[in-house]
Structure formats: C-alpha cells, structure tokens
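Chains as they are written, first to last, in our numbering: chain A, 30 to 215; chain B, 30 to 215.
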C-alpha cells in the first residue's frame with residue numbers, strides 16, 4: 030500500500046515470519062484483520078487521539094506540521110461480535126512476577142467499569158512471561174476494589190485469567206476465549 | 030483545558046450560546062458529552078486516523094512533525110447504549126433538495142451494511158434545510174440497492190427518516206429517537 034509520500038508502509042509482517050518477534054499490539058491487529066476478512070467480528074484499534082497545533086494545506090490535502098499525542102481515556106480496541114459490544118485493552122510486561130497497574134491510565138480503569146455497567150463485554154489482554162491471558166473486566170475491578178497492591182501478582186493472572194494460545198492464522202484467537210468465557214456459559 | 034503548547038483549546042462552545050451557529054459535529058459531540066456525564070450511554074467520535082511520516086521527541090513526549098489524514102473506512106461514532114452496539118455517521122448538506130451520497134466514503138457505506146449484519150444499531154444523522162433526521166441504516170441500504178440516483182431526495186429523507194428536535198441540553202437528543210425507533214418497538 031502506497032502512502033502520499035510514496036513510502037511503503039513499514040510493517041513487522043515484512044520482516045518476521047513467526048509470532049516470536051511480533052509485539053502484542055501487532056498480534057492483535059493481525060488477528061482483528063483476520064476476523065474482519067472472515068467477517069467473524071468488526072473490531073478495530075482506535076486511532077491514538079491527536080492534538081494538532083499546526084497544519085498546512087498541500088496538493089495531497091491537509092498535512093499536520095505540529096501534532097502531539099493525547100492520553101487515551103477509553104480502552105484501545107472496540108467493536109461488535111455476535112451482536113455484542115466488546116471493548117478491551119492489551120498490554121505486555123517485561124516483569125516475570127507481576128503485572129503493574131501503571132500500564133493502564135487511571136481513566137482507562139474507570140472506563141472499563143463503565144463499559145461493564147452498560148452491559149458490554151470488557152476485558153484486558155495481558156502478556157507476561159511470553160504467555161498471553163484474557164482477564165475479565167470483572168476480575169480487574171474485583172482486584173482494584175479489594176487489593177491495595179499496585180500490580181496483579183502473576184498468580185492472580187494464572188488463577189483468574191484465561192490462557193490464549195498462540196497460533197499461526199489468526200496469531201492470537203482471543204474470540205475463541207470470548208466464546209467460552211462469555212457466550213457459551215449463558 | 031491547557032494543551033502542551035499552552036494554547037487554549039478553541040471550542041465553538043466559547044463563542045456560541047445557541048445551537049444556531051454550531052455545526053452538526055459539535056452538536057453531536059456536546060450531546061455525547063451530556064450522555065457521558067449522565068451515564069446514559071458511552072458514545073465517542075473516533076479520532077480521525079492519522080499517518081505519521083516524521084516524528085520527534087521533546088520534553089513533552091513524542092511530537093508529530095509531519096502527518097496526514099487517512100480516509101475513514103468505518104463510521105465516525107460508535108459506542109454502547111442500553112447494552113447495544115451503536116455506530117453512526119453524521120453529515121450536513123447545503124443543498125435544500127437532496128443529500129448527495131458523495132458525503133460518505135464508499136468504504137463507509139459498505140461498513141454500515143456489515144454493522145447491520147453483525148446485529149448492531151447503525152444509522153446516519155443527516156442535516157438538511159436546517160433540520161436534522163435520523164435515517165436507519167436499513168433504509169440507507171434499501172436506497173443503495175434499489176435506486177441509481179447518487180443522492181437521497183429530500184422527500185425520501187422526510188418519508189423514511191425520523192426528525193430529531195433541537196434542544197438546549199442536550200442539543201440534539203438522538204437517543205430519544207433510538208429508543209422510539211429501535212428499542213421500544215421490540
């Protein structure tokens with residue numbers, strides 16, 4: 030795909046042939062593209078909100094000359110799956126023993142609670158020790174409300190979370206877990 | 030609210046005290062803020078997707094020095110209301126007799142169809158002749174599939190659409206129409 034400046038989009042896909050080198054965000058983006066192609070779900074990463082201090086007009090349209098990133102107040106991904114509203118956030122940590130809550134903005138954790146209250150499916154995807162887990166929003170909230178620790182112990186993630194297996198295509202089939210955890214238990 | 034460069038955010042709110050001067054997008058954004066405050070719904074405008082060709086690091090974090098706007102492939106607003114997935118687009122026209130379909134990207138119209146197929150509530154909000162209407166996605170699709178015209182005649186909008194009354198707070202209470210059209214008829 031060619032962009033206005035004729036620079037090819039730099040994707041990790043071009044240089045890595047296994048999931049090993051791909052970060053969590055890329056794995057999920059590829060998985061979402063797979064779901065979109067198969068018409069299984071419509072789930073997108075929300076663009077990072079941008080503030081624009083300076084813009085100019087060129088032959089290619091409006092161009093940003095000075096912009097900055099704003100802190101997100103909602104979770105990164107949302108969409109629709111089997112008629113249900115889904116929203117989630119995905120984060121990875123280098124720590125092997127716990128997952129620091131500082132990986133999330135405070136606004137995001139408040140927002141997670143609101144999505145649950147409105148009847149949405151809401152969770153976080155956490156990668157720790159090279160393993161990926163889905164942790165239900167309800168279990169995130171329980172921890173925030175009952176614990177004073179500033180990080181999820183790995184034991185809590187293993188106990189409450191649901192392991193998401195790496196795959197080839199899609200690379201991270203988290204909707205399989207959503208089926209099991211949310212939809213088949215109703 | 031102060032942004033990194035200490036320029037106050039320029040909002041229409043500061044200069045207009047009636048809806049008359051506000052464009053449709055601002056009316057809807059203010060309405061969504063009202064819904065958010067009242068915890069009635071969680072509905073956001075998606076940030077316009079940006080491509081970044083050049084970025085630099087400063088004391089304030091990463092700054093965009095060269096960026097461009099990408100064409101949206103989904104609709105502008107989405108969120109959750111009473112447990113339902115909602116997605117819509119809002120556009121106004123200066124024409125008094127018809128609403129040109131060219132106001133929407135072709136990708137967006139295809140996407141509208143997909144959201145409906147996945148069981149979401151999907152519509153467009155159209156402002157024509159200073160009046161605002163909600164047109165159900167199903168009626169947009171019907172028109173695309175049965176008509177060759179490149180614009181909705183005003184008569185079609187009046188016949189199929191649902192009039193949204195201007196208000197003070199919220200300025201455009203479109204969820205009242207969503208209640209009537211989608212939720213109370215079940």
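Backbone N, C-alpha and C fix where the C-beta goes; we use that ideal spot for every residue, glycine too. On a predicted model such as this, the values are computed, not experimentally measured, just so you know.
Check: For residue 189 of chain A, which residues from the same chain have a beta carbon less than 7 Å from its beta carbon, with the 5 sequence-adjacent residues on both sides left out?
Finding: A distance below 7 Å between beta-carbons, with the five flanking residues on each side excluded, links residue 189 of chain A to the following residues of its chain, in chain order: 164, 168.
Next item on the list: Determine, using beta carbons only, whether residue 95 of chain B comes closer than 8 Å to chain E.
Entry: The structure shown contains no chain E; its protein chains are A and B.
Note to self: I want to know whether the region 62-72 of chain B touches the region 136-154 of chain A - three or more CB-CB distances under 8 Å.
What the structure shows: The region 62-72 of chain B makes contact with the region 136-154 of chain A; the number of CB pairs closer than 8 Å reaches 3 or more.
Checklist line | Residue environment, residue 149 of chain B, which counts as buried when at least 16 other CB atoms sit within 10 Å | finding: Residue 149 of chain B should be labelled buried.
Next item on the list: Verify whether the separation of the beta carbon atoms of residue 183 of chain B and residue 102 of chain B is less than 8 Å.
Entry: No; because the gap between Cβ atoms is not below 8 Å, this pair is not in contact.
Check: Hey, residue 107 of chain B and residue 75 of chain B: beta-carbon distance below 8 Å or not?
Finding: Contact: yes.
Check: Ordered along the chain, which non-local residues of its own chain (more than five positions away) have a Cβ less than 6 Å from that of residue 47 of chain B?
Finding: Reliability fails at residue 47 of chain B, whose pLDDT of 49 lies under 50, so the model's placement of it is uncertain and the value that follows must be treated cautiously. Nothing listed; no residue qualifies.
Next item on the list: Mind listing the chain A neighbours of residue 90 of chain B? Cutoff is C-beta to C-beta under 8 Å, in chain order.
Entry: Contact note: residue 90 of chain B reaches chain A through 97, 98, using a C-beta cutoff of 8 Å and chain order.
Notebook entry, point to check: Counting contacts by CB-CB distance shorter than 8 Å, is residue 136 of chain B in contact with chain A?
Noted result: Judged by the 8 Å Cβ criterion, residue 136 of chain B is not in contact with chain A.
Item checked: For residue 60 of chain B, the nearest candidate out of B:205, B:212, B:210 (CA to CA) -> When only C-alpha atoms are compared, the closest one is B:205.
Check: Taking the C-alpha atoms as reference points, what is the distance between residue 152 of chain B and residue 196 of chain B?
Finding: About 20 Å.
Next item on the list: In angstroms with no decimal places, state the Cα-to-Cα distance between residue 55 of chain A and residue 98 of chain B.
Entry: So the two alpha carbons sit approximately 21 Å from each other.
Check: If you measure beta-carbon to beta-carbon, which residues of the region 141-153 of chain B are closer than 7 Å to chain A?
Finding: For the region 141-153 of chain B, which is checked against every Cβ of chain A, the residues closer than 7 Å are 143, 144, 147, 148, 149.
Checklist line | Rounded C-alpha distance that separates residue 113 of chain B from residue 114 of chain A | finding: Distance between residue 113 of chain B and residue 114 of chain A, taken at the CA atoms: about 6 Å.
Check: Between residue 190 of chain B and chain A, is there a C-beta pair that is closer than 8 Å?
Finding: So no, residue 190 of chain B is outside the interface.
Next item on the list: Measure from the alpha carbon of residue 211 of chain B to the alpha carbon of each residue in B:51, B:201, B:198, B:191, then state which is nearest.
Entry: Put simply, of B:51, B:201, B:198, B:191 the residue whose alpha carbon is nearest the alpha carbon of residue 211 of chain B is B:191.
Notebook entry, point to check: Quick one: is residue 77 of chain B near chain A, going by C-beta distance under 8 Å?
Noted result: By this cut-off, residue 77 of chain B is an interface position.
Check: If you run the structure through DSSP and keep just helix, strand and coil, what is residue 195 of chain B?
Finding: Strand at residue 195 of chain B.
Note to self: For a quick check, are the C-beta atoms of residue 203 of chain A and residue 154 of chain A less than 8 Å apart?
What the structure shows: It is a contact, given that the beta carbons lie within the stated cut-off.
Checklist line | Within chain A, the residues that residue 103 of chain B reaches when beta carbons sit closer than 7 Å | finding: Going along chain A in sequence order, the residues near residue 103 of chain B (Cβ under 7 Å) are 73.
Next item on the list: Select from the region 109-135 of chain A all residues with a C-beta closer than 9 Å to any C-beta belonging to chain B, and list them in chain order.
Entry: So the close ones are 109, 110, 111, 112, 113, 114, 115, 116.
Check: From A:92, A:87, A:139, pick the residue whose C-alpha is nearest to that of residue 83 of chain B; which is it?
Finding: Selection A:92, A:87, A:139 evaluated against residue 83 of chain B yields A:92 as nearest (Cα-Cα).
Next item on the list: Report, in whole angstroms, the separation of the C-beta atoms of residue 121 of chain B and residue 53 of chain B, which I expect to be a contact under 8 Å.
Entry: Between residue 53 of chain B and residue 121 of chain B the Cβ distance is about 5 Å, and since that is below 8 Å, they are a contact.
Note to self: For residue 130 of chain A and residue 198 of chain A, what's the separation of their Cα atoms in angstroms?
What the structure shows: If I take the Cα positions, the gap works out to 30 Å.
Check: Ends of the beta strand (DSSP E) at residue 98 of chain B?
Finding: The continuous beta strand (DSSP E) containing residue 98 of chain B extends over residues 90-98.
Item checked: Test item: CB-CB of residue 18 of chain A and residue 193 of chain B under 8 Å -> Outside the shown range of chain A (30 to 215) lies residue 18 of chain A, about which nothing can therefore be said.
Check: Since residue 180 of chain B and residue 157 of chain B are thought to touch, with beta carbons under 8 Å apart, how far apart are those beta carbons, to the nearest angstrom?
Finding: By a beta-carbon distance limit of 8 Å, residue 180 of chain B does not contact residue 157 of chain B. Their separation comes to about 10 Å.
Next item on the list: Reducing DSSP to helix, strand and coil, say where residue 232 of chain A ends up.
Entry: In this structure chain A extends from 30 to 215, so residue 232 of chain A is not present and cannot be described.
Next item on the list: Assign residue 24 of chain B to one of three DSSP states: helix, strand, or coil.
Entry: In the structure as shown, chain B starts at 30 and stops at 215, and residue 24 of chain B therefore has no counterpart that could be examined.
Margin query: Using C-beta distances below 7 Å, list every residue in its chain close to residue 185 of chain A, excluding the 5 sequence neighbours before and after it, in chain order.
Written below: Setting aside the 5 residues that flank it on each side, residue 185 of chain A is surrounded in the same chain by 172, each with a C-beta closer than 7 Å to its C-beta; the list follows chain order.
Next item on the list: Give the range of the beta strand (DSSP E) segment to which residue 104 of chain A is assigned.
Entry: Taken as a continuous stretch (DSSP letters only), residue 104 of chain A belongs to no beta strand (DSSP E), as it is neither H nor E.
Note to self: Rounding to the nearest angstrom, what Cα-Cα distance links residue 78 of chain B and residue 81 of chain A in this structure?
What the structure shows: The alpha-carbon of residue 78 of chain B is positioned some 13 Å away from that of residue 81 of chain A.
Notebook entry, point to check: Exposed or buried, residue 162 of chain B, counting other C-beta atoms within 10 Å across all chains shown (16 or more means buried)?
Noted result: When all chains shown are included, residue 162 of chain B counts as buried.
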